[in-house]
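Enquirer: Numbering-wise (this note's numbering), the sequence shown opens with residue 17 and increments by one. Glycine included, C-beta positions come from ideal geometry on N, C-alpha and C. Because the structure is a prediction, the values reported are computed rather than measured. One structure, as structure tokens, below. Some questions next.
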Amino acid sequence: SRQDLSDSRFRRCRFYQCDFSHCQLRDASFEDCSFIESGAIEGCHFSYADLRDASFKACRLSLANFSGANCFGIEFRECDLKGANFSRARFYNQISHKMYFCSAYISGCNLAYANLSGQCLEKCELFENNWSNANLSGASLMGSDLSHGTFSRDCWQQVNLRGCDLTFADLDGLDPRRVNLEGVKIC
């Protein structure tokens, strides 16, 4: 932990029971890496790490802990993030008290059972993901591309979806009487 690994490149590496807490991982790149051993009940820790503009492609990050991490501009492509914890992580850059913007590129990922409660992921690329049983309570995904995603009945509780692209998504259990679908694209 607390290491500076900014701009580092890792390919086909195994990081088992590693603690990346408070590490500088800005612009780091991970491709086809595994961060959890088969059968393990806990993944690697990225708590309060600087993950701005970091890239993870085809990585196994099940049960990883990203709590408090700065995830602005992060990229997850084709990753297994099942059960990952993003509590208190930040995907936004605060410009002033009332002005901020978000940046995250998460596509083709397994986010089943991930904790994204209270997260602000507005106007982000979040397509082709499996969101089954993910905790999206209090999250704002407003204006994001959620197309071709798979959702479960419990995903729709207290999540802001205004202006989202939900085209070709599996909308299991979506009740339009209980969810604000203003500006949402569905087909």
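Does Arg-76 come out as helix, strand or coil in the three-state DSSP assignment?
Expert: strand
Enquirer: My output table needs one value for Asp-170: the three-state DSSP class, helix, strand or coil.
Expert: helix
Enquirer: Thinking Ala-65 and His-38 are a contact (beta carbons under 8 Å), I'd like their distance in whole angstroms, please.
Expert: Ala-65 to His-38, Cβ: 6 Å. Contact.
Enquirer: Please state whether the Cβ-Cβ distance between Lys-201 and Leu-182 is less than 8 Å.
Expert: yes
Enquirer: Label Asp-191 either buried or exposed according to how many other C-beta atoms from any shown protein chain fall within 10 Å of its C-beta, with 16 as the threshold for buried.
Expert: exposed
Enquirer: Measuring only the C-alpha atoms, how far is Asn-149 from Gln-40?
Expert: 31 Å
Enquirer: Within its chain, find whatever has a CB closer than 7 Å to the CB of Gln-174; leave out the 5 residues flanking it on each side and keep chain order.
Expert: Ser-153, Gly-154, listed in sequence order.
Enquirer: Of all the options Asp-161, Gly-189, Leu-97, Asn-196, which has the alpha carbon lying nearest to the alpha carbon of Phe-167?
Expert: Gly-189
Enquirer: Using only CA atoms, which one of Trp-172, His-164, Phe-36, Ser-22 lies nearest to Ser-63?
Expert: Cα-wise, what sits closest to Ser-63 is Phe-36.
Enquirer: Leu-162 to Asn-176, Cα distance in whole Å?
Expert: 12 Å
Enquirer: Which of the three DSSP states, helix, strand or coil, is assigned to Ser-63?
Expert: Correct three-state label for Ser-63: coil.
Enquirer: Runs of 3 residues minimum, wholly inside the segment 112-198: which ones carry the beta strand (DSSP E) assignment?
Expert: 116-118, 120-123
Enquirer: Could you say which of Gln-19, Leu-77, Asp-48 lies nearest to Phe-26 if we only look at CA atoms?
Expert: It is Asp-48 whose Cα lies nearest to the Cα of Phe-26.
Enquirer: Along the chain, where does the beta strand (DSSP E) containing Tyr-32 start, and where does it finish?
Expert: Counting along the chain, Tyr-32 falls outside any beta strand (DSSP E), and DSSP gives it neither H nor E.
Enquirer: With burial defined as no fewer than 16 other Cβ atoms inside 10 Å of the residue's Cβ, what is the status of Lys-114: buried or exposed?
Expert: Lys-114 comes out exposed.
Enquirer: Could you tell me the boundaries of the beta strand (DSSP E) in which Ile-4 lies?
Expert: Only positions 17 to 203 of the chain appear in this structure, which leaves residue 4 out of reach.
Enquirer: Let me make sure I understand the geometry here. Which of Ser-103, Gly-124, Arg-178 has the alpha-carbon closest to that of Lys-139?
Expert: Arg-178
Enquirer: State yes or no: is the C-beta of Arg-93 within less than 8 Å of the C-beta of Gly-55?
Expert: no
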